[in-house]
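Position 10 of the sequence shown, counting from 1, maps to 11 under the numbering used here, and the rest follow consecutively. Idealized CB from N, CA, C, for every residue including glycine. As the structure is a prediction and not an experimental result, all values here were calculated from the model.
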Amino acid sequence: ISVHSAPAPSTSTAPAGTDRAMDALAAGRILLGVLALAAPGRLVGSFGLGHSPELNYMTRIYGGRAIALGAGYLSEPEEHRGRWHRLGLFVDTSDTLTAIGHLVRRDVPRPAAAALGALTGGYAAVGFLRLLGRRSGNG
Numbered sequence: 002i003s004v005h006s007a008p009a010p011s012t013s014t015a016p017a018g019t020d021r022a023m024d025a026l027a028a029g030r031i032l033l034g035v036l037a038l039a040a041p042g043r044l045v046g047s048f049g050l051g052h053s054p055e056l057n058y059m060t061r062i063y064g065g066r067a068i069a070l071g072a073g074y075l076s077e078p079e080e081h082r083g084r085w086h087r088l089g090l091f092v093d094t095s096d097t098l099t100a101i102g103h104l105v106r107r108d109v110p111r112p113a114a115a116a117l118g119a120l121t122g123g124y125a126a127v128g129f130l131r132l133l134g135r136r137s138g139n140g
């Protein structure tokens, strides 16, 4: 007699693709994190920022954080992903507000701040909408 039971079928009423969207965002975090660790100068250069040892160092710190958030989310069973989701939303919101601050102060090249703010803002928007869906019982 087996003591293991089959997993219950999913009863999620989340819109089609919502979980796949969160999975894709987590995979994107990992990809950007790997790029940040492996080639920080090239990554920041792609956003129009100059090269410096200090910026490379900070980019690598970002890389480790991005990999941890993405891998943490993807490695958890569905029922435990909420904590990683909220952590990612916090980080994305913080990063987006930081980009907006730099846009207002004009102390970072505007195209770079706008591109990075759009990237993190997109992540934050998807994360926020997904959180609302979970709270309203849709996922």
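- CA-to-CA, the gap between TYR124 and LEU26 works out to about 7 Å.
- For ARG107, the secondary structure class from DSSP, reduced to helix, strand or coil, is coil.
- Counting along the chain, the unbroken alpha helix (DSSP H) around LEU44 starts and ends at 41-47.
- In this structure, the alpha-carbon of MET59 lies about 9 Å from that of ALA37.
- Ranked by how close their Cα comes to the Cα of LEU70, the residues LEU133, GLY128, SER137 and ARG136 have GLY128 in first place.
- Within the same chain, HIS52 come within 8 Å of GLY46 by CB-CB distance, once the 5 residues on both sides are set aside.
- Residue state for GLY51 is assigned as coil, using DSSP reduced to three classes.
- Under the 10 Å beta carbon count, ASP108 is surrounded by fewer than 16 other beta carbons and is classified as exposed.
- Under the three-state reduction of DSSP output, SER95 falls in the helix class.
- The three-state reading of DSSP puts PRO112 in helix, counting H, G and I together.
- Taking the CA atoms as reference points, GLY64 sits about 8 Å from ILE31.
- When the five nearest sequence neighbours on each side are left out, the beta carbons in the same chain lying within less than 7 Å of the beta carbon of LEU90 are those of ALA125, GLY128, PHE129 and LEU132, in order along the chain.
- Shown here, GLU80 sits in a helix according to DSSP, grouped into three states.
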